[in-house]
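To start, the structure under review is shown below, and the notes come after it.
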Amino acid sequence: MIFDNTQKAYHLKSDKELCKAYYLFRLISQQSLVSIGSYFAKIALKLKLPVAPIFKATVFSQFCAGIDKEEALVLVKKLEDSKIQSYLHFAAEESETEKGMDISLIKILETLSFSKDTPCLSFTGFKATALGSMSLFEKRSAKINFTKTEEKAWKRLLNRIHTCCQNARAIGVSILIDAEESWLQNAIDEIAESLMEKYNKEIPIVYTTIQMYRKDRLDYLKGLHEKAINKSYKIGVKLVRGAYTEKENLKAYKLGITSPICDSKELTDTNFNNGLDFVLDHLKDISLFLGSHNESSSLRVVNWMTENKVTKDHPHIWFSQLFGMADHISFNLAAEGYSVVKYLPYGPVNQVVPYLIRRAEENTSVSGQTPRELSLIKKELRRRKVKVF
Ligand SMILES: Cc1cc2nc3c(=O)[nH]c(=O)nc-3n(C[C@H](O)[C@H](O)[C@H](O)COP(=O)(O)OP(=O)(O)OC[C@H]3O[C@@H](n4cnc5c(N)ncnc54)[C@H](O)[C@@H]3O)c2cc1C
Numbered sequence: 016m017i018f019d020n021t022q023k024a025y026h027l028k029s030d031k032e033l034c035k036a037y038y039l040f041r042l043i044s045q046q047s048l049v050s051i052g053s054y055f056a057k058i059a060l061k062l063k064l065p066v067a068p069i070f071k072a073t074v075f076s077q078f079c080a081g082i083d084k085e086e087a088l089v090l091v092k093k094l095e096d097s098k099i100q101s102y103l104h105f106a107a108e109e110s111e112t113e114k115g116m117d118i119s120l121i122k123i124l125e126t127l128s129f130s131k132d133t134p135c136l137s138f139t140g141f142k143a144t145a146l147g148s149m150s151l152f153e154k155r156s157a158k159i160n161f162t163k164t165e166e167k168a169w170k171r172l173l174n175r176i177h178t179c180c181q182n183a184r185a186i187g188v189s190i191l192i193d194a195e196e197s198w199l200q201n202a203i204d205e206i207a208e209s210l211m212e213k214y215n216k217e218i219p220i221v222y223t224t225i226q227m228y229r230k231d232r233l234d235y236l237k238g239l240h241e242k243a244i245n246k247s248y249k250i251g252v253k254l255v256r257g258a259y260t261e262k263e264n265l266k267a268y269k270l271g272i273t274s275p276i277c278d279s280k281e282l283t284d285t286n287f288n289n290g291l292d293f294v295l296d297h298l299k300d301i302s303l304f305l306g307s308h309n310e311s312s313s314l315r316v317v318n319w320m321t322e323n324k325v326t327k328d329h330p331h332i333w334f335s336q337l338f339g340m341a342d343h344i345s346f347n348l349a350a351e352g353y354s355v356v357k358y359l360p361y362g363p364v365n366q367v368v369p370y371l372i373r374r375a376e377e378n379t380s381v382s383g384q385t386p387r388e389l390s391l392i393k394k395e396l397r398r399r400k401v402k403v404f
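Position in the sequence shown (first residue = 1) + 15 = my numbering.
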């Protein structure tokens with residue numbers, strides 16, 4: 016029942032904005048349209064054709080906080096008024112060049128610097144592959160030795176990451192490291208663990224991400240907990256189901272190996288619940304950042320907190336959803352006093368187009384996600400007596 020209040024969920028949206036969201040999700044619900052649209056948008060991007068205005072007029076305002084700091088901070092303030100914290104991310108796509116990686120670092124530090132004057136920006140984050148080359152992550156994950164040049168590039172990557180963490184610690188902001196494809200993840204885990212050992216002695220500054228759609232992740236989580244106890248550090252965990260199901264299954268199929276991903280959505284849900292229960296049972300040592308749009312998962316945590324008389328603003332429990340999605344979870348939880356962080360990507364339209372394409376694709380491929388958004392928006396439009404076709 017806690018998530019039923021659509022008036023609270025959409026109170027920041029005008030009738031016009033809500034209608035726009037309705038038509039947008041209706042478009043996104045058509046898989047063939049999204050596939051064709053994404054295909055042409057990717058080609059247009061490669062050819063440097065001016066597709067930005069199309070995105071600006073459609074998906075941008077639904078899924079992005081703005082084109083720059085000023086626009087993004089206006090939204091941050093509105094969310095703060097609704098007791099929601101924000102997690103800003105400059106969403107330009109990573110580059111494979113050293114110069115591009117240095118620019119990514121500058122953008123992360125710039126975003127981090129906004130937190131100095133804005134206390135409701137208590138998290139920031141990065142994709143490790145935005146700061147170092149994919150091929151390095153792949154080689155390291157597969158335990159293939161680096162060449163001398165690669166060794167140097169790896170050190171530069173580690174320096175960039177440490178710079179992010181040192182800056183975050185200096186201003187008291189926690190930093191989330193995204194989880195990526197399984198063939199890159201061993202290297203990301205290695206880095207995340209060493210960062211937690213260094214920066215999380217007292218409180219969790221660094222959060223790793225664990226994708227519970229992977230069959231091996233519950234054991235990984237338990238092993239990580241043992242390591243942290245032995246080495247006396249705190250764990251920060253962004254717990255997610257995982258975003259690369261199709262890519263992972265396709266790669267495993269092509270290589271003729273068993274997919275690392277659970278064989279069904281139900282098995283992913285069971286694994287996710289087991290991971291969630293493990294984290295909650297060890298809340299003294301682990302901080303939870305629940306990255307999910309799933310009502311049952313959020314409710315599982317809420318019920319556990321009630322049963323265990325844990326305060327709603329417990330510093331080790333955070334609920335998080337992407338901007339433009341699952342507002343019924345974010346706004347209703349925040350109104351009840353739970354700690355909620357909205358993930359807010361921002362950046363110039365032409366640079367965030369790849370992120371927007373991914374949003375449209377994910378909304379189409381994750382079954383149930385778009386119908387759920389549509390039915391909630393429809394419910395609110397009915398309540399406001401606004402007609403749509
Ligand atoms: C704040 C935030 C941060 C995130 N950060 C990351 C990140 O760093 N890395 C990352 O990979 N993802 C990340 N995600 C995305 C996340 O992993 C999920 O893809 C997305 O949230 C949908 O899952 P759900 O729990 O919200 O809900 P649901 O809609 O209940 O679950 C959908 C998910 O279930 C799984 N699934 C669906 N069908 C199947 C199937 N047939 N077999 C097995 N599993 C299946 C997939 O993981 C799918 O994404 C993040 C999400 C949020 C909200």
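The C-beta atom is built at its ideal place from N, Cα and C for all residues, glycine as well.
> Of the residues LYS242, TYR235, LYS163 and SER156, which one's Cα is nearest the Cα of ASN201?
Replying inline: SER156
> Roughly how many angstroms lie between the CA atoms of LYS28 and ASN347, to the nearest whole one?
Replying inline: 15 Å
> By how many angstroms is the C-alpha of ILE69 removed from the C-alpha of LYS98?
Replying inline: Straight-line measurement puts the Cα of ILE69 at about 33 Å from the Cα of LYS98.
> On the three-pair Cβ rule with 8 Å, is the region 85 to 104 touching the region 146 to 154?
Replying inline: no
> Whose CA, out of GLU165, MET116 and GLU125, lies closest to the CA of LEU103?
Replying inline: GLU125
> With 16 as the cutoff for other CB atoms within 10 Å, does LEU136 come out buried or exposed?
Replying inline: buried
> For SER247, does the count of other Cβ atoms within 10 angstroms reach 16, so buried, or fall short, so exposed?
Replying inline: exposed
>> Is CYS277 close to ligand 1? I mean its beta-carbon at under 7 Å from any heavy atom of the ligand.
In response: yes
> Can you name the residues that DSSP bridges to LYS357?
Replying inline: Answer by DSSP bridge pairing, in chain order: SER101 and GLN336.
> Between which two residues does the alpha helix (DSSP H) harbouring LYS61 extend?
Replying inline: 46 to 61
> By Cβ distance, which residues of its chain are closer than 8 Å to SER76, with the 5 residues on each side in sequence left out?
Replying inline: GLU32 and LYS35
>> So, at 8 Å on beta carbons, what are the nonlocal neighbours of VAL316 in its own chain, with the 5 sequence-adjacent residues on each side left out?
In response: So the list reads LEU291, LEU295, LEU303, LEU305, ILE332 and PHE334, once near-sequence residues are dropped.
>> Tell me whether the region 46 to 59 and the region 351 to 366 touch, counting them as touching only if at least three CB pairs, one residue from each stretch, are closer than 8 Å.
In response: Touching, no.
> Measuring CB to CB, does TYR222 end up less than 8 Å from LYS253?
Replying inline: Contact check for TYR222 against LYS253 passes: the beta carbons are separated by less than 8 Å.
> Does DSSP put GLY271 in a helix, a strand or coil?
Replying inline: coil
> Should LEU254 be counted as a contact of ligand 1 given a C-beta to heavy atom distance under 7 Å?
Replying inline: no
> Going straight from the alpha carbon of ALA350 to that of VAL325, what length do you get?
Replying inline: 17 Å
>> Could you compute how far the alpha carbon of GLN366 sits from the alpha carbon of ASP19?
In response: 36 Å
>> On the DSSP letters alone, give me the boundaries of the alpha helix (DSSP H) that GLY290 sits inside.
In response: 280 to 296
> Which class does ARG229 belong to by DSSP, given the choice of helix, strand or coil?
Replying inline: Strand, per DSSP.
>> I'd like the span of the alpha helix (DSSP H) that includes LEU389, first residue to last.
In response: 384 to 398
> From the DSSP output, which residues share a beta bridge with LYS253?
Replying inline: THR224 and PHE304
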